[in-house]
Amino acid sequence: MLIQKIKIGYIHFVKKPVFILRCKTGIIKKNLSLKPNYFLESNNFFEQQFKKSLLEIQSDSKIIEEAQLIIQNKFQTLGSELTYLGEKINWHQDFKSGRIWEKVFYTRIDSKYSINKSDIKVPWELSRFHQAQYLAKAYLITKAEKYAQKFFELVDNWIDENPFCYGVNWNCAMEVAIRAVNWIFALHIFKSSQYFSEQILKKILTSLYHHGLFIRNNLEYGRRNGNHYLSDLMGLIWIGAFFYNHQFGKQWFKYAKKELEKEILIQVYEDGVDYEKSTFYQRLVTEIFTLSNIAAEKINKPFSNKFKERLHKMFEFIASYVIGDEVPNVGDCDDGRIIKFNFFEKISEMRNLLAVGSVIFKDEFLKSKAEQNFVDVLLLLGLDGFQKFSEIKTIEIKPENKIFPNGGFCVLNYKDFFIFLDFGDIGMNGWGGHGHNDILSFELAYKGKRFFVDSGTYVYTPEPELRQKLRSTYSHNTIMVDGKELAEFLNLFRIKQDLSQARLVQYSLNNVEKDLIEAEHYCYKRLENPVIIRRKIVVEKLNGVIKIEDTFSGNGSNRIEIFYHFHPQIKIEKLTNQIYQLELNELKLLLELPEIEYYKTDIEEGLYSESYGKIEKNLVLRITIEKKNKFPESFVTLLKSIDS
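Written out as structure tokens, the structure reads:
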């Protein structure tokens, strides 16, 4: 703890202030003689077989269509429609709200301050330069110089319009790191272009050096580190590898590698769950570690076996909850990616990452869950990786139940039903972070279609009240007592305290007739009339019935509310006072409540966010139980398919 405090003090009160002073006084080096190390050369981008393999995975028309949109300055990001951004992109503008940030020194910009629902993430997302890879793919299959020309024009203009340390795109080290990774990757492909002049090369290399310098002096390090600090380190890994011919490059790489070795063991539990407790941030963090691992392997400075074992576990956790191109939407989702190779790819598509993991770890299960090859394998791992993927055996994937005791998740997977249960803490070791107030909440899919859903995220800073609502207890398939949150919010990303002491009570899985899992938490022991909440889910395999049994242990007077949130496509019909029919196209489920007194039900209008920036209405079933002195021993909800 003392060492950590000293490190925090050094980074934030010594290193960063000195850097700021150097920037403001103009003594940062600008005319540098830099020699790049193209560490991805072995990917063989320009062999004829590479082009052939790329076209086996993706049609030339699709690749060209995506690249043409970038040439036309048309973008679709963070929930926006496809939007034309004009002849010249304003890199400082949120084109959704119209707000333009001033080109002031980066420390003067408050990333959490929103005007008229402006979102700083929009200019950040554009400046991550995912568009570089859409142009790169088109260049690889056509060798048409217009794609290279567009890339260099965009980068050249970005550097001119974003002076070092000035403007919104120098406000966050994570964003600087992601942009650097995308530039470096694309440079490996575009360096064969006629537009790759000495002048533009020097300009880009100088800017990349500044990117590394900025990250090293603005590390997002604190008492609880998360994906931001990991992204910073990944940026230093890639920039360090790219400048490995220079002493500063070696130093950046060495520092970042050492820190990543430590952080993966701190931030990722033994069962592979990232402690930020989000299915989408799980993918982002896995991508960060994977890209760092790839760069390290390329320069023959591999990570330790302990690092790789933990990373492998992360892939296995993702594989457990992937259902085709869908995943449970648990915790925050901001559509975050590091390198994105497809313009219109669904944010919930994670099989591409599993395909990469299958090659790295020679894992038949990961390959089989990926189902097919993806451009990510070819582009990140080269022809050799592409060949290795084809050599890995495909195995039959049978529905399997898995429990992740450290991370606090359980996956119940059957022929017709899929359940993802959260029984762990809120997230980030008591800070909340990207975790929601969702203890004992679950998502449920029936025959591949999601029926019970998490409400999602929508946005962060543009609408603070809505942000808090969607991460609240009310917005999850769980239980609320006396209208109180499971944990009180401190700000948009922190909770005051996690008092849950969430624990697994019992479980018995992969049986012939019946599976069960039971967990409880103590969040409401803090109330004047304390209550302990326990939830047991029983799956009766022979008759296809799911029983959700909620128990409330308390002796006072309380109001208990149970919430069930349904996918927007679900239609609800009340058949009797206790029975509801849930319908999606031809699929039907019956939801049956107990015949007891003391509760009432209401069907309400709710909100559902599939991905960042998108929101729509859905239906919510609210069950309210009010009883003085003693609760019913348990409250049971039954779910049955029409067949059963």
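Just so we're on the same page, this note's numbering is the position in the sequence shown counted from 1, plus 373. For glycine and all other residues, C-beta sits at the position ideal for the given N, C-alpha and C. Values in this document were obtained by computation on a predicted structure and should not be read as measured data.
Q. What residue from ALA559, LYS630, HIS685 and ILE712 has the CA that sits closest to LEU657's CA?
A. Looking up residue 657 in the sequence shown gives position 284. Comparing Cα positions, the closest option is ILE712.
(Q) Contact between the region 912–932 and the region 865–879 is defined here as three or more beta-carbon pairs at a separation below 8 Å; is this criterion met? (A) no
Q: Tell me, to the nearest whole angstrom, how far the beta carbon of TYR819 is from that of LEU962; I am working on the premise that it is less than 8 Å.
A: One-based indexing of the sequence shown puts residue 819 at position 446. One-based indexing of the sequence shown puts residue 962 at position 589. With 8 Å as the limit, TYR819 and LEU962 qualify as a contact, their Cβ atoms being about 6 Å apart.
Q) How many Å lie between GLY1021 and LYS389 at the Cα? A) Outside the displayed range of the chain (374 to 1017) lies residue 1021, so it cannot be described from this structure.
Q) Excluding sequence positions up to five away, which residues of its chain have a Cβ less than 8 Å from the Cβ of ILE637? A) Here residue 637 refers to the residue found at position 264 of the sequence shown. Here the set comprises PHE662, PHE680, ARG683 and LEU684.
Q: Along the alpha helix (DSSP H) that carries GLU439, what are the first and last residues, could you check?
A: The residue you call residue 439 lines up with position 66 of the sequence shown. Following the DSSP letters along the chain, one finds GLU439 inside the alpha helix (DSSP H) bounded by residues 433–444.
Q) Taking Cβ to Cβ, would you say LEU859 is nearer than 8 Å to ILE812? A) Counted from its first residue, the sequence shown places residue 859 at position 486. Counted from its first residue, the sequence shown places residue 812 at position 439. Contact: yes.
Q) DSSP three-state call for GLU893: helix, strand or coil? A) If you number the sequence shown from 1, residue 893 lands on position 520. GLU893 falls in the strand class under three-state DSSP.
Q) If you drop the 5 nearest sequence neighbours on each side, which residues of the same chain put their C-beta closer than 7 Å to that of LEU960? A) Here residue 960 is taken as the residue at index 587 of the sequence shown, counted from 1. Within the same chain, LEU960 has close Cβ partners TYR819, LYS820 and LYS822.
Q: Could you check the C-alpha separation between GLN431 and VAL748 for me, to the nearest Å?
A: Along the sequence shown, one-based indexing puts residue 431 at 58. Along the sequence shown, one-based indexing puts residue 748 at 375. Near 8 Å, if we compare the C-alpha coordinates of VAL748 and GLN431.
Q | Straight-line gap, ALA728 to MET853 (C-alpha atoms, nearest Å) | A | In the sequence shown, counting from the first residue as 1, residue 728 sits at position 355. In the sequence shown, counting from the first residue as 1, residue 853 sits at position 480. Distance between the alpha carbons of ALA728 and MET853 is about 40 Å.
Q) Per the contact definition of three or more C-beta pairs closer than 8 Å, is the region 534–549 in contact with the region 578–596? A) Touching, yes, given that three or more Cβ pairs across the two stretches are closer than 8 Å.
Q. So, is GLU968 buried or exposed, given that buried needs 16 or more other C-beta atoms within 10 angstroms?
A. Translated into the one-based positions of the sequence shown, residue 968 becomes position 595. Classification of GLU968: exposed, given that the 10 Å Cβ count is below 16.
Q | Reduced DSSP category for LEU664 - H, G, I as helix; E, B as strand; rest coil | A | Sequence index remark: in the sequence shown, residue 664 carries index 291 (1-based). In this structure, DSSP gives LEU664 a helical state, which the three-state scheme calls helix.
Q.
Does THR830 come out as helix, strand or coil in the three-state DSSP assignment?
A. As a first step, residue 830 must be located in the sequence shown, where it is residue number 457. DSSP places THR830 in coil when its eight states are reduced to three.
Q: Determine the closest residue to ILE532 out of TRP611, LEU574, TYR937 and LEU508, with distance taken between C-alpha atoms.
A: Position 159 of the sequence shown holds residue 532. Comparing Cα positions, the closest option is LEU574.
Q) From LYS771, ASP707 and PHE759, pick the residue whose C-alpha is nearest to that of PHE738; which is it? A) Against the sequence shown, residue 738 aligns to sequence position 365. That would be LYS771, whose Cα lies nearest to the Cα of PHE738.
Q) What separation, rounded to the nearest whole angstrom, lies between the Cα atoms of LYS378 and GLY599? A) Taking the first residue of the sequence shown as position 1, residue 378 is located at position 5. Taking the first residue of the sequence shown as position 1, residue 599 is located at position 226. Whole-angstrom Cα-Cα distance: 17 Å.
Q | Assigned secondary structure, ASP789 (DSSP; H/G/I helix, E/B strand, else coil) | A | For the purposes of this step, residue 789 is taken as residue 416 along the sequence shown, with counting starting at 1. Coil, per DSSP.
(Q) Excluding the 5 residues flanking GLY803 on each side, which residues of the same chain have their C-beta closer than 8 Å to its C-beta? (A) Sequence index remark: in the sequence shown, residue 803 carries index 430 (1-based). For GLY803, where only same-chain residues beyond five positions count, the Cβ hits under 8 Å are ILE868, GLN870 and ASP871.
Q. Tell me, which residues are paired with CYS783 by DSSP?
A. Translated into positions along the sequence shown, residue 783 becomes position 410. Paired residue(s): ILE776 and LEU794.
Q. Would a C-beta distance cut-off of 8 Å place TYR617 and CYS538 closer than the cut-off?
A. Counting from one through the sequence shown, the residue named residue 617 turns up at place 244. Counting from one through the sequence shown, the residue named residue 538 turns up at place 165. For TYR617 and CYS538, no; Cβs fall outside 8 Å.
Q) Among the residues of its own chain, which have a CB less than 8 Å from the CB of VAL993, if the five just before and after it don't count? A) The count along the sequence shown starts at 1 and reaches residue 993 at position 620. Cβ neighbours of VAL993 beyond the five flanking positions: PHE936, TYR937, HIS938, PHE939, ILE976, GLU977, GLU978 and GLY979.
Q | Residues near GLU999 in its chain [Cβ-Cβ closer than 6 Å; skip 5 each side] | A | Against the sequence shown, residue 999 aligns to sequence position 626. Answer for GLU999: ARG932, listed in chain order.
Q. For TYR486, which residues of its own chain have a beta-carbon under 8 Å away from its beta-carbon, when the five flanking residues on both sides are left out?
A. On the sequence shown, position 113 is the one that residue 486 refers to. Closer than 8 Å at the Cβ level, and outside the excluded window around TYR486, lie THR834.
(Q) Looking only at its chain, what residues have a beta carbon closer than 6 Å to the beta carbon of HIS385, apart from the 5 residues adjacent to it on each side? (A) Within the sequence shown, the letter at position 12 stands for residue 385. Cβ neighbours of HIS385 beyond the five flanking positions: none.
Q) Name the DSSP beta bridge partners of SER604, please? A) Position 231 of the sequence shown, counted from the start, is the residue given in the question as residue 604. BP columns for SER604 are empty, so no partner.
Q) Does the distance from the CB of ILE612 to the CB of ALA553 come in under 8 Å? A) Reading the sequence shown from its first residue, position 239 is the one you call residue 612. Reading the sequence shown from its first residue, position 180 is the one you call residue 553. Yes, the pair counts as a contact, with Cβ atoms nearer than the cut-off.
Q: Give the DSSP-derived three-state secondary structure of GLY398 in the structure shown.
A: Taking the sequence shown and counting its residues from 1, the one referred to as residue 398 is at position 25. The question names Gly, but residue 398 in the sequence shown is Thr. Annotated three-state conformation of THR398 is helix, per DSSP.
Q) Is there a Cβ from chain B that is less than 8 Å from the Cβ of ILE768? A) Of the protein chains in the structure, only one exists, and it is not chain B.
Q: Could I get the ranges of all uninterrupted beta strand (DSSP E) runs contained in the region 618–654, with 3 residues as the minimum, in chain order?
A: none
Q. Is ILE792 closer than 8 Å to TRP817 when the C-beta atoms are compared?
A. As a working mapping, residue 817 is identified with position 444 in the sequence shown. As a working mapping, residue 792 is identified with position 419 in the sequence shown. Per the sequence shown, residue 817 should be read as Leu rather than Trp. Yes, the Cβ-Cβ distance between LEU817 and ILE792 is below 8 Å.
Q) For LEU527 versus PRO409, is the C-beta spacing smaller than 8 Å? A) Along the sequence shown, read from residue 1 onward, the residue named residue 527 stands at position 154. Along the sequence shown, read from residue 1 onward, the residue named residue 409 stands at position 36. Contact: no.
(Q) Quick check: ALA692 and LYS735, are their CB atoms within less than 8 Å of each other? (A) One-based indexing of the sequence shown puts residue 692 at position 319. One-based indexing of the sequence shown puts residue 735 at position 362. The answer is no: Cβ separation not under 8 Å.
**Q.** Residue environment, ILE639, which counts as buried when at least 16 other CB atoms sit within 10 Å
**A.** Residue 639 sits at position 266 when you count from the first residue of the sequence shown. Per the 10 Å Cβ criterion, exposed.
Q.
Using 8 Å as the cut-off, can you tell me whether the region 697–707 makes contact with the region 823–831, which would need three or more C-beta pairs spanning the two stretches below that distance?
A. Three or more Cβ pairs closer than 8 Å define a contact, and the region 697–707 meets that threshold against the region 823–831.
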